[in-house]
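Novice: One structure follows; several queries about it will come next.
Residue numbers (this note's numbering): 139 to 319.
See the structure below:
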C-alpha cells in the first residue's frame, strides 16, 4: 500500500459562508486543543487556530481533500504547530548567534568602523550616478519601495526600474571590489 495519494483520489471541497461558520463552531475548540496541548500557550494556540481557519477560508474554492475534513483539520493543526516550533527554534538560534557576536565588543567596534566606511563609500558612489538611477536606487534601498511602487511613483515601467537597479548594483559591485574580501 502506497503512502502517497494519487491525484484522482482527491475530492474537491467547497465551502460557502454558512457551512464555514458551522465548521468553525464545530472544530475551533478541537483545533485549539491540539495547538495548546503542544505549545502550552493560549495566545499562540488561538493565533494558530485562527490561521488554520483563515487559510481554509482563503482556499475554499480550490481545496481538494484525500480524506475527511476532520482529518484534514487535525493534520493542519499539527503542521501549524510544527512550523511554529521550527520557526521559533530558528529565531532563538539566530538570536543566540547575534548575542554571541554582540558580546565580542572588540570586533563590534571594528565592524562598526568598517560598516561606516563602506556606507560612506557607497553613498559617494551613488552620488556619482545619473539622476534617474540615483533616484531609483534610493527609493529601493533607502525607502524600501518595491519595483512596482517605484514604477508607479516615477511613471515608468517596472522593466525600466529593474534595468536601473541592475546597472547601479553592477556599478557598485565593480567599484567596491575591495569589500568583497
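Ideal Cβ placement from N, Cα and C applies to all residues, glycine included.
Put residue 202 into one of helix, strand or coil per three-state DSSP.
Specialist: Note: residue 202 maps to strand in three-state DSSP.
Novice: Taking buried to mean at least 16 other C-beta atoms within 10 Å of its own C-beta, is residue 278 buried or exposed?
Specialist: Buried: at least 16 other Cβ atoms inside 10 Å.
Novice: If you reduce the DSSP assignment to three classes, tell me which class residue 179 lands in.
Specialist: Of the three classes helix, strand and coil, the one that applies to residue 179 here is coil, per DSSP.
Novice: Which full runs of the alpha helix (DSSP H) of 4+ residues lie inside the region 231–305, going along the chain?
Specialist: The qualifying runs are 243–265, 269–275 and 285–292.
Novice: Rounding to the nearest angstrom, what Cα-Cα distance links residue 160 and residue 224 in this structure?
Specialist: The straight-line gap from Cα to Cα measures roughly 31 Å.
Novice: Our contact map puts residue 183 next to residue 191 with C-beta atoms below 8 Å; I'd like the distance itself, whole angstroms only.
Specialist: Incorrect: roughly 13 Å between the Cβ atoms, too far for contact.
Novice: Could you tell me which of 204, 208 and 227 sits nearest to residue 163, measuring between CA atoms?
Specialist: For residue 163, the nearest C-alpha among the options comes from 208.
Novice: Evaluate contact between the region 291–303 and the region 249–265, counting only Cβ atoms and requiring at least three cross-stretch pairs below 8 Å.
Specialist: Judged by Cβ distances under 8 Å, the region 291–303 makes no contact with the region 249–265, as fewer than three pairs qualify.
Novice: Please state whether DSSP places residue 314 in a helix, a strand or coil.
Specialist: Reduced to three states, the DSSP call for residue 314 is coil.
Novice: Output the distance between the C-alpha atoms of residue 186 and residue 172, rounded to the nearest integer angstrom.
Specialist: Cα to Cα, the separation comes out at about 10 Å.
Novice: Would you decide whether residue 215 is buried or exposed? Buried here means 16 or more other CB atoms lie within 10 Å of its CB.
Specialist: Buried is the call here.
Novice: Do you know offhand how far residue 261's Cα is from residue 275's?
Specialist: So the alpha carbons of these two residues sit roughly 11 Å apart.
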